[in-house]
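Worksheet: one structure, shown below.
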Amino acid sequence: MKNIDSYTHLRGESLFVDDIITRQDTLYGLVFDSPKAHGKISSINYAIAEALEGVIKIFTYKDILGKNQIGGIIPDEPLWAEEEVHFWGQPIAFIVAETEAIAKKARALIEIEIEELPIITTAREAKEKGSFINAPRSFRLGNANEALKKCKHIFEGNTFSNGQEHLYLETQGAYAVPMENGNIKITSSTQGPTSVQKMVAQVLGVSMHKIEIDVIRLGGGFGGKEDQATPWAVMAAVAVQQLKKPVKYILNRHDDLRMTGKRHPYDSTYKIGLDEHLKIIAYEVEFLQNSGAAADLSPAIAERTLFHATNSYYIPNVSSIVHSCKTNLPPNTAFRGFGGPQGMFVIESAIARAADALKIDKKIIQEANLLVENDTFSYGQIATKVEMKNTWNTAKKQFNLEKIESETAKFNAANTNYKKGISLMPITFGISFTNTPMNHARALIHIYQDGSVGVSTGAVEMGQSVNTKMLQVASQTLGISPNKVKLETTNTTRVANTSPSAASATADLNGKAVLKACKALIERLKVIAANLLNANIEHIVFKEDVVFATKEDVAISWEEVIAAAMLKRVALTENAHYATPTIHFDKTKEKGHPFAYHVYGTAITQVTVDCMRGTYEIDAVKIVHDFGKSMNLGIDIGQVEGALAQGIGWMTIEEIAYGKDGRLLSNALSTYKVPDVFSAAKKVEIIPLETQGNEMAILKSKAVGEPPLMYGIGAYFAIQHAIKVFNPKHKLQFHAPYTPEKVLLSLYK
Ligand code: LUZ
Ligand code: MOS
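Counting in this note's numbering, the sequence shown runs from 820 upward without gaps.
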């Protein structure tokens, strides 16, 4: 089944926040943000700006009737700065004007003086100065310190992975409209409608039921709208509350790039110990997460780094620690993988370092340590239904790794200016919000009296095709054709208290709720059908718009059953709640069973490096991926391809740069390069692993949003391999992204 949005997407008819027809009295908002990374505000003069014709009002923290606070996990983030600013781009005021153009003109007329304070831009510097968001977290298994003493081989080193810009095609934005009695309705481009509702209520000083959030769809989120879609909606709502007129605010690309947080840069130090059989016996790692100026989701992201610090390997002695370091950058935030990729890059680097020193192929160490059934993760969960070796061995065999290797060696022997490299990248990713209480969802289903169906859930459609999957679940469970089912917008009035669409878990959580609601409806309708057909209720089947009794061999249409149910006054609406069973985690012990299941896979990456220029091409990525029993392979393959491109981009060409003054230098698409059609892998082959699927996944179809991003890490090590072939004296470095500039230096150093 195709993505149900494909028709309107292709015709440009799909609606996003900026497409909503605005009321004619609509006003336009624009943020005035800090032009310095850290300092005391000594004076601001709004008078000239406010006097400009068409400017209605400039809002500051003084205008807030509730709390000036939007921190989600830790209350450490004001909506608008008060006396101090903590990052370049921090919102200070909100200009509301008759048009966007007037608001922009007014912004240039605001005069501000800032008494500058010292600036921290790196995690390492923050750690040295003791600047942290919260207390560090640490996972331990066995005794790494003791085990290291007994290891035959010990290696240590440092790695760095940089941030990443989400670059959703649709920038952040919201449209808030006053309703009666002080109620406000907001259309928001958010992954977390409930967080928006909660923060609007908190800042306005009203209760949540006065605020309705509606989400049609997002033009991409990638984690960037899990938390950071909130402030813009709150600002618009503050203005609506006081002006009693609709207010719209859509960020332009520059403002969005400057003011929003990104993937967290990580500076990490590791020590890895192996025995004579190349078994990794001990692993010590310290992660310094560059959290930015406020917590945002950093503590949760730090936690997931620890969960994935050993990637797909069983290591009996682990000691890991993560510090969320407070710096003067915009608060960094969720980004597809949520700290997992950063953790995995370090263990892969440690293995690469070990292999290089031992003069063996990296994959030999990888293979010797892959997870098997009943292995224990450092957080206490026992690995079950492990498909790690299955994907690894299938990839080696199906893609004929030996042939790839011999052809690569042959090419490298015959060419001096071009060298090819190969890498294998295994992935293991845990599915569930690591914060157990967030793993729940609801669905509200209406069967209308003509037999058509409306489905509301807490899932936000952001291009990942979750609506298509929800529709599949409903149509399959009700036994009706897909065109009888409509997916409604995501709305806090219909489905309340939702978790954000995140953690790759949206289809599982909301899908299970849809399934439960549909099953309950079917149970009620079976009674009606048995009556109508004069058949045994046990024999009633709903399938392909027909309701029939298997033994009695009689049938009627779906519509007839619904019409009869109406006459019998049977409830044709159902609301279902799903909460993931069996998961738990004890943060005081840092042990538990936090994940419903894991997703596994292996990627073989092949690259060619131009050794005169330092440029490279990704020739091919060949993947064996564990989809379980995919409910929609077209959509799932699309997720793998997209995540792979995004992961490769993070590891290779996407380079976030801040000046020492804390200003974003890569502040436009001319200075920040994302993969395009020319830099994408020339060939991507994906083989779905044949498995039974997992009961905890919706229709046994495993979560697919984030796990494949980490295949992109393979690109770094394939490039490194090619460099090493060209320059055997090269001392390996682990400093991502591996931009052509850095590659060139590596080739000749
Ligand atoms: N968001 C979140 C996430 O709040 N918790 C998580 O565990 C998570 N994991 C991945 C992506 N987003
Ligand atoms: Mo996310 S990184 O919002 O699943």
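Here a beta-carbon is modelled for each residue, glycine too, at the ideal position from N, C-alpha and C.
| Query | Result |
| --- | --- |
| Quick one: Cα of Val1272 to Cα of Ala1114, how far? | 42 Å |
| Looking only at its own chain, which residues have a Cβ that is under 6 Å from the Cβ of Ala1260, when we skip the five neighbours before and after it? | Gly1277, Leu1328, Asn1329, Ala1332, Tyr1397 |
| Would you say the stretch 1512-1519 touches the stretch 1447-1462, given that touching needs at least three Cβ pairs under 8 Å? | yes |
| The alpha helix (DSSP H) spanning Ile867 covers which residue range? | 866-870 |
| Does DSSP put Asn1111 in a helix, a strand or coil? | Per the sequence shown, residue 1111 should be read as Gly rather than Asn. The answer is strand: DSSP assigns Gly1111 an E or B state. |
| Can you check the stretch 1336-1402 for any beta strand (DSSP E) of at least 3 residues that lies completely inside it and give the ranges in chain order? | 1359-1362, 1365-1368, 1373-1376, 1392-1398 |
| When you compare each of Ile933, Tyr880, Asn887 to Phe906 by their alpha carbons, which one comes out closest? | Ile933 |
| I need the straight-line Cα distance from Ile875 to Val1019, nearest angstrom please. | 21 Å |
| Between which residues of its own chain and Arg1155 is the CB-CB distance below 6 Å, once the five residues before and five after are set aside? | Phe1041, Gly1042, Glu1525, Leu1528 |
| Please say whether Ile914 and Ala900 have beta carbons closer to each other than 8 Å? | no |
| Would you say the beta carbon of Met1529 is closer than 7 Å to some non-hydrogen atom of ligand 1? | no |
| Can you tell me which of the three DSSP states Asn1071 falls into? | coil |
| Apply the 10 Å Cβ neighbour rule to Met998 and answer buried if 16 or more other Cβ atoms are within range, or exposed otherwise. | exposed |
| Can you find at least 3 beta carbon pairs, one from the stretch 1233-1245 and one from the stretch 1379-1393, that sit closer than 8 Å? | no |
| Over what stretch of residues does the alpha helix (DSSP H) that includes Ser825 continue unbroken? | 825-829 |
| Would the beta-carbon of Asn1329 be found less than 7 Å away from any heavy atom of ligand 1? | no |
| Say yes only if the C-beta of Leu1116 is nearer than 7 Å to one or more non-hydrogen atoms of ligand 1, and no if none qualify. | yes |
| Apply the 10 Å Cβ neighbour rule to Val1496 and answer buried if 16 or more other Cβ atoms are within range, or exposed otherwise. | exposed |
| When we look at the beta-carbon of Glu1192 and count the other beta-carbons within 10 Å, is it buried (16 or more) or exposed? | exposed |
| Per DSSP, Lys1238 is paired with what? | Val1428 |
| Could you check the C-alpha separation between Ile840 and Leu834 for me, to the nearest Å? | 10 Å |
| Anyone know if the C-beta pair for Arg956 and Ala1153 falls short of 8 Å? | no |
| By Cβ distance, which residues of its chain are closer than 8 Å to Pro937, with the 5 residues on each side in sequence left out? | His857 |
| With a threshold of 16 other CB atoms inside 10 Å of the CB of Asp852, please say whether the residue is buried or exposed. | buried |
| Assess, as a yes-or-no matter, whether the stretch 1494-1513 is touched by the stretch 1467-1479 under the definition of 3 or more beta carbon pairs within less than 8 Å. | yes |
| Based on Cα-Cα distance, which residue from Arg1036, Ala1324, Gly1001, Gly1039 lies nearest to Ser1026? | Gly1001 |
| Identify which residue in Ala954, Asn1130, Ser1197, Lys1182 has its Cα closest to the Cα of Ile1423. | Lys1182 |
| Less than 7 Å separating the Cβ of Thr1253 from some heavy atom of ligand 1? | yes |
| For Leu1571, which residues of its own chain have a beta-carbon under 7 Å away from its beta-carbon, when the five flanking residues on both sides are left out? | This structure cannot settle anything about residue 1571, because the visible part of the chain is limited to 820 through 1568. |
| Does the stretch 1368-1380 come close enough to the stretch 1349-1356 to have 3 or more Cβ pairs within less than 8 Å? | yes |
| Ligand 1 heavy atoms versus the CB of Arg1123: any closer than 7 Å? | yes |
| Do Gly982 and Phe1553 have their beta-carbon atoms positioned less than 8 Å apart in this structure? | no |
| Which whole-angstrom value describes the C-beta separation of Ser1008 and Gly992, a residue pair presumed to lie in contact below a C-beta threshold of 8 Å? | 5 Å |
| In three-state DSSP terms, what is Met1515? | coil |
| Is Ala942 helix, strand or coil by DSSP? | helix |
| Can you give me the Cβ contacts of Gly885 inside the same chain, cut-off strictly under 8 Å, excluding the 5 residues immediately before and after it? | Ala1020, Gln1021, Val1022, Leu1023, Gly1024, Val1025 |
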